[in-house]
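Going down the list, the sequences are from chains A and B. Numbering-wise (the numbering used here), the first sequence opens with residue 1 and increments by one. Numbering-wise (the numbering used here), the second sequence opens with residue 416 and increments by one. Every residue, glycine too, gets a C-beta built ideally from N, C-alpha and C.
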Amino acid sequence: MMLELTTEDQSMLDGEQGPAVAAAMKILIAFSNAVGAQELLDIAGAHIDGCLYHGQASLDFVERLVEGGGRVHVPTTLNVGSFDLIHPGLVKMPPSQEAPARRLMKAHLELGCQATFTCAPYQTRFRPAFGEQIAWGESNAIVFANSVIGARTNRYGDFIDLCCAMTGRAPAWGLHLSDNRRGQILFELTGSFDPTDALFVGVGLIIGQASGDRIPVISGLPQPRDEDQLKALGAAAATTGAVALFHAVGVTPEAKTLDEAFRGMAPEATIRICRADIDHALAKLSSVPDGAPLAAVSLGTPHFSHDEWMRLLPMLREVAPGRGIPIYANTGRATLARLQDEGELDDAQKFSLIPVTDTCTYVTTILERLDGVVMTNSGKWAHYAPGNIGVSVVFGDMEDCVRSAAAGHVVRSAP
Amino acid sequence: MKGLEKSVLKRVGTFQLAGEAQGSALVFSHALSFWGGIDVETGEIIDHSHPGLGQNVAGKILVMASARGSSSSSSVLAEAIRRGTAPAGILLERPDPILAVGAIVAEFLYDNSMPLVVCDISGIVSGDRIAIGLGEDAQAMVSKI
């Protein structure tokens, strides 16, 4: 079956709305044909993962859309870039790389994208609503939008997310369609679990590893304290695997019951998760033992929410780490501005707390020391940082991270 | 979609990106991811888990059943085409959206059309000289020369 275009789609393709839109539509159509979509559908918004500089072709593409007079057709947020535009001294980059990396971020703004530069667009005023069709890039944002909010996106990426934004259209396939959103594989938590941060990370790591291209359903998950725990679960699942949607029975909006999660069908497979499985998955994130001297702490992958700051700051004031070990916290610039307005960061320097916006500590050179051990509360950061920036990592919850910074070495209350 | 006359190896395929190319076939039974799989500066295969490790895709007709890997492969293919380190053409048995996007973007930016063809790839072995041409009704003509 060939793709059927509306009059409006055809008009875009024929260049009646300018050469940039025509190019975007041409690429979108080829992509749609390759995935077997039969039509395009309207989207309410887009999130573009195109601001990390990977090479000349990425920049050339955006520049051509700018030259062609392109403007995004729907509200469009931007993922992190290679640069912290608010704290320019923080990123250490040779000028030959800095110029194109900065230009890439700026060129997206010239297309009318919003200067969010966050991997957590669901924390901004552009958060989509339940059931809305969107075209999002960035794996943690995709799984959050689908699973926690119930908005609908496939895993979009390079070039295509921007083509969707430029046209306001996306191919009608995959997770945009109700029939493709039902659960396929069941993960049963056996035993009783407290809703600790680490539990959600551990479950995410396991379902990511074992789901393959099937949609996971989790039963027995305790009620999360807040959506940040589900953020951590999804980010971990999209790190060890390609999970774009999970259901948690009694927790996420398309899974009030087991039956609803599977749409009345039987699971293709059932996997039981016990305490030891969680401990094992988490232990693999750490490459150094307790007691190892600490070089830094990195929090906020995905970007720290306002709620997470409100948990961290009292903890810092109570434990009062004073050894000068930097505690980096990645966050969205809107969240940072709100905290500054509230006066919450006035005493940040006392604890060597370094807020990072617009980027993330594992995609670019921010950390002062790469030869030491970095502690994180993020499953995603722990997984990627050793390969990306060459550090040794130890995983622990937020409180253990703060206590370790105060002690100068890794201290953990739980594995 | 799959027309074949095995004796002379002439196939009719579908273009994901239309173009003409000739080159020596490089056939893999394992799917190759461009992202993390090839060095974009040289075209050399750098994926240690891939049997083609150390071989070079530049200027070859890359033949495999399907592609795999992250959407970043679109950028890597487009950048390889820009640098001249990409295959001369790619034959797949199953269409691949990620490679299609990379090929289309490279054509859009650099007027460089690296043919990406979906066709029957049975009987093609590494080292065969393969030509990809434009047939009637915008079909892809794949032949051994």
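- Identification of chain B residues near A/Ser96 by a Cβ-Cβ cut-off of 9 Å yields none; the smallest Cβ-Cβ distance measures about 15 Å.
- Close partners of B/Glu435 in chain A (Cβ separation under 8 Å) are lacking, with about 18 Å as the shortest Cβ gap.
- The three-state reading of DSSP puts B/Asn471 in strand, counting E and B together.
- DSSP places A/Tyr328 within a strand segment (E or B) once states are collapsed to three.
- A/Trp136 carries a strand assignment under DSSP once its states are collapsed to helix, strand and coil.
- Secondary structure remark: continuous alpha helix (DSSP H) runs of at least 4 residues inside the region 211–246 of chain A, in chain order: 227–240.
- Rounded to the nearest angstrom, the gap between the Cα atoms of B/Thr500 and B/Asp543 is 20 Å.
- A/Gly379 sits close to A/Leu205, with the two beta carbons spaced by under 8 Å.
- Contacts with chain A (Cβ-Cβ distance below 9 Å) from the region 503–515 of chain B involve Pro510, Asp511, Pro512, Ile513, Leu514, Ala515, listed in chain order.
- Between A/Ile325 and the set A/Ala334, A/Asp341, A/Glu368, the nearest pair of CA atoms involves A/Glu368.
- The C-beta of B/Ile519 comes closer than 8 Å to at least one C-beta of chain A.
- Straight-line spacing of the CA atoms in A/Pro267 and B/Leu432 works out to 39 Å.
- Counting only Cβ-Cβ distances below 9 Å, B/Phe523 has contacts in chain A at Ala23, Lys26, Ile27, Phe61, Arg64, in chain order.
- Comparing alpha carbon positions, the residue from A/Asp290, A/Gly322, A/Asp358, A/Pro195 closest to A/Ile278 is A/Pro195.
- Assigned with DSSP and collapsed to three states, B/Ser490 falls in helix.
- Per DSSP, A/Gln340 is one residue of the alpha helix (DSSP H) stretching across 333–341.
- A/Pro267 carries a coil assignment under DSSP once its states are collapsed to helix, strand and coil.
- Annotated three-state conformation of A/Arg317 is helix, per DSSP.
- Between A/Gly137 and the set A/Pro95, A/Val80, A/Ser192, the nearest pair of CA atoms involves A/Val80.
- Between the region 35–49 of chain A and the region 61–77 of chain A, the count of Cβ pairs shorter than 8 Å is three or higher; the stretches touch.
- With contacts defined as CB atoms closer than 8 Å, A/Ala237 and A/Gly208 qualify as a contacting pair.
- At the C-beta level, A/Leu3 and A/Ala37 come within 8 Å of one another.
- Interface annotation, A/Ala237: not in contact with chain B, CB-CB separation never under 8 Å.
- Residues of chain B whose Cβ lies closer than 7 Å to the Cβ of A/Phe159 are, in chain order, Ser489, Val516, Val520.
- Across the set B/Ser528, B/Lys475, B/Leu524, the C-alpha of B/Leu524 shows the shortest separation from the C-alpha of A/Ala57.
- Secondary structure of A/Thr116 (DSSP, three-state): coil.
- The region 208–226 of chain A and the region 240–260 of chain A touch, with three or more beta-carbon pairs separated by less than 8 Å.
- Beyond the five residues adjoining it in sequence on each side, B/Ile460 comes within less than 6 Å, by CB distance, of Ile453, Gly467, Leu468, Gln470 in the same chain, given in chain order.
- Boundaries of the beta strand (DSSP E) around B/Ala436: 436–443.
- DSSP places B/Lys559 in the uninterrupted beta strand (DSSP E) bounded by 554–559.
- DSSP, reduced to helix, strand and coil, places A/Val21 within a helical segment of the structure shown.
- With a 10 Å radius around the Cβ and a threshold of 16 neighbouring Cβ atoms, A/Arg263 comes out exposed.
- Residue environment analysis places B/Glu522 among the buried positions, since at least 16 neighbouring C-beta atoms fall within 10 angstroms of its C-beta.
- Taking the beta carbon of B/Ser486 as reference, the chain A residues within 8 Å of it are Gly137, Arg155, Tyr156, Gly157, Asp158, Ile160, listed in sequence order.
- In this structure, A/Gly191 places its C-beta atom within 8 Å of the C-beta atom of A/Arg275.
- For A/Asp371, the secondary structure class from DSSP, reduced to helix, strand or coil, is coil.
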